[in-house]
Amino acid sequence: MEMDLFTKIMIGFALGIIAGLILQEEAAMFAFLGTILVNLLQMIVAPLVFCVIVGAIANIGKGNKVGRIGLKTVMWFLGTTLFAILIGLFFANLLNVGTGVTIPTPGDAAEVTESAEGFSIIDTIVNIVPVSIFEALAENNLLAIIFFALLLGFSILALGESGKKVRDFFNTGQNLMMRLTEIILKFTPIGVFGLMADVVGSTGLDILFPYAKAIIALFLACILFLVIVQAGILVGGVVKISPIRFLREMKDPMAFVFATCSSVATLPLTLKATLRLGADEDTTNFVVPLGSVINMNGTAIYQAVSVIFVAQIYGVELSIATQLMVMLTATLASIGTAGVPGSGLIMSVIVLEAAGLPLAGVALLAGIDRIMNMGRVVPNIVGDAVTALLVSKSEGTLNVNNLEENKKAG
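Here my numbering is used: the first residue of the sequence shown is 24, the next is one more, and so on.
Spelled out as structure tokens, the structure:
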């Protein structure tokens with residue numbers, strides 16, 4: 024019996040850790056394997072997102088329905104992000120993540136904030152409109168690609184029946200890219216091995232001890248949010264799908280994103296898992312690609328933990344009012360920095376500024392960013408699938424029969 028993708032990824036993950044511990048810095052020789060894997064997946068993301076979004080808009084059929092689905096999607100994104108920050112703040116305060124930690128505090132924030140200095144919400148909005156769609160595709164500028172795809176999808180809608188051939192072209196393009204993804208995923212275990220060997224070999228395990236409480240707080244908050252809120256309350260309570268069934272179907276994308284730390288590269292797996300759960304295909308093809316760029320539940324949890332960590336390192340006590348401001352700022356920043364290179368760093372700078380903390384504090388967590396990233400990206404992609412299911416449920420398009428067929432097949 025052939026092993027499933029999840030098992031293969033976990034084997035590659037474990038072997039990578041072992042190789043990193045044994046070879047230490049020499050394990051960097053395997054880094055190219057992980058780079059090739061991520062490059063392969065990023066290679067297909069832009070054309071996949073483009074075809075998926077265009078096809079989704081064109082297939083939905085009515086402009087007002089697209090607007091309604093879009094509004095519901097954004098509201099769920101914002102609502103769940105706000106709740107995620109609340110959970111992150113709770114665990115960070117509960118564990119006092121920065122108390123008793125002895126880490127040299129950097130006094131100069133120049134290097135840390137360099138990439139955030141020129142950040143502007145207005146510039147981000149302007150850059151959503153591409154000068155050239157070909158340039159946007161070449162640079163994997165997903166917000167610009169999504170914007171053009173939305174316009175093209177609405178244009179195909181306006182053509183009516185005469186646009187059927189164009190619609191079929193993009194549907195075929197989506198199927199083609201998904202098939203190509205299946206071929207690339209066969210390389211996943213080897214790539215994951217290379218990624219983990221390099222990470223463990225270059226950082227070691229000693230670096231984890233000073234940050235133990237921050238790491239525990241982040242992972243506890245992410246696990247609680249994923250299991251109780253996303254799978255339990257939203258999927259089990261609202262969508263009425265078994266949380267266990269949901270988590271079982273999502274295991275491949277969760278394992279993959281945990282190992283690669285790339286929500287965008289995980290997009291093909293997230294799409295397939297969401298459809299298997301019974302979400303409407305057109306809704307899924309609209310919500311999930313959009314969510315891979317702007318929905319950051321796990322990243323919001325990380326921002327909450329990091330701001331408390333930095334505050335306690337510097338001996339600053341944050342009031343309830345300040346923490347509420349952090350919640351609002353992090354929620355808005357998760358949307359405002361979407362698609363911007365180094366958006367995680369920029370979000371951290373914005374949140375620290377809102378809390379009145381030294382911007383150099385961003386550098387305090389730089390050494391374990393990869394470890395923290397592994398935890399925070401999982402709720403990100405799960406949130407995309409959950410939102411697609413919630414919107415499908417509210418639209419009355421949840422494919423229960425498809426879910427039942429998958430149960431029997433499983």
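We treat Cβ as the ideally placed atom computed from N, Cα and C, and that holds for glycine.
| Check | Outcome |
| --- | --- |
| Chain-order list of residues whose beta-carbon lies under 8 Å from that of T446 (same chain, five-residue window excluded) | The requested residue 446 does not occur in the structure, where the chain is confined to residues 24 to 433. |
| Interface flag, E158 vs chain D, CB-CB below 8 Å | This model lacks chain D altogether; it includes just one protein chain. |
| Helix, strand or coil at N164 [DSSP, three-state] | coil |
| Exposure of G90, with buried meaning 16 or more beta-carbon neighbours within 10 Å | exposed |
| At least three beta-carbon pairs within less than 8 Å, the segment 393-410 to the segment 247-266 | yes |
| Nearest neighbour of I343, chosen from A356, M26, I45, L109 [CA to CA] | L109 |
| Distance between L203 and K236 (C-alpha atoms, nearest Å) | 42 Å |
| Through-space distance from M66 to I239, alpha-carbon basis | 34 Å |
| C-alpha distance - F53 paired with L60, whole-angstrom precision | 12 Å |
| Status (buried if at least 16 other CB within 10 Å, exposed otherwise) for E272 | buried |
| C-alpha distance - T211 paired with N150, whole-angstrom precision | 33 Å |
| At least 3 beta-carbon pairs within less than 8 Å: the segment 328-341 vs the segment 112-124 | yes |
| Beta-carbon contacts of A302 that lie in its chain and below 6 Å, excluding the five residues immediately before and after | A411, L412, S415 |
| Coil, strand or helix - K263 by DSSP | coil |
| CA-to-CA distance, Y234 to A220, given in whole angstroms | 21 Å |
| Delimiting residues of the alpha helix (DSSP H) encompassing A69 | 54-83 |
| Best match in G338, I336, A377, Y337 for proximity to L355 [C-alpha to C-alpha] | A377 |
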